[in-house]
Every structure is written in C-alpha cells, then in structure tokens.
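Numbering (the working numbering), first residue to last: 30 to 132. No residue lacks a Cβ here, since even glycine has one placed at the ideal position from N, Cα and C. These figures come from a predicted structure and were not determined experimentally.
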C-alpha cells in the first residue's frame with residue numbers, strides 16, 4: 030500500500046506567522062525519518078500504511094501540544110500497490126505534460 034498525505038497543521042492562536050510552529054512539526058518529521066515536501070500551503074509525505082500515516086500526524090499534533098487549540102487538515106491518496114516515491118512521480122507526470130504541451 031502507498032499512502033500519500035497532504036496536510037497542514039498550526040495553532041489557532043493569534044495572528045502572527047506560523048513558521049515556528051511548522052518548523053516544530055518538520056523537526057518531528059525529521060526525527061521520525063519521514064521524507065516530507067514543504068510548500069507555501071501544506072506539507073506532503075508518503076507512508077506504506079494508513080496506520081503509519083495516522084501515527085505520524087498524531088506525533089505532529091503532539092509537537093504543538095503547548096497550544097490550546099490546533100487546526101489539522103489532512104487529505105489522503107491511498108493506493109493498494111507497492112509503489113513507492115509516488116509524490117515525485119505525480120509531480121514528474123505534470124511537469125512532463127507542461128513541457129510537452131506548453132513549450
């Protein structure tokens with residue numbers, strides 16, 4: 030199984046930048062040895078099971094346990110195959126189309 034997870038997590042505290050909170054979450058991901066891609070709106074990682082994905086998200090939530098209220102949004106692309114590195118393949122597929130059709 031391959032589970033690609035796109036998620037965002039941050040506190041619902043104040044109106045300041047969330048960069049420090051996101052850095053805390055990515056520190057946890059690094060400690061868990063989870064390869065993750067960060068972009069301006071969310072983070073994306075891939076696991077071999079839904080159970081592992083939920084475990085990782087729970088650890089990310091724990092990283093923000095100092096805050097009274099946390100927002101977590103996650104989307105899952107679950108594929109029943111042994112494919113790996115689907116994140117890179119998805120991006121590569123779109124880049125190929127752009128290259129072939131728009132250049």
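- The residues 96, 97 and 98, in chain order, have a CB closer than 8 Å to that of residue 42 in the same chain once the five nearest residues on each side in sequence are set aside.
- In this structure, residue 84 lies away from residue 32, with their beta-carbon atoms at least 8 Å apart.
- The DSSP assignment places 65–67, 72–76 and 99–108 as complete runs of the beta strand (DSSP E) inside the region 56–127, in order along the chain (cut-off: 3 residues).
- Taking C-beta atoms as the reference points, residue 71 and residue 35 count as a pair closer than 8 Å.
- Counting along the chain, residue 37 sits inside the beta strand (DSSP E) bounded by residues 31–40.
- DSSP places residue 53 in the helix class (H, G or I) of the three-state scheme.
- Taking C-beta atoms as the reference points, residue 92 and residue 54 count as a pair closer than 8 Å.
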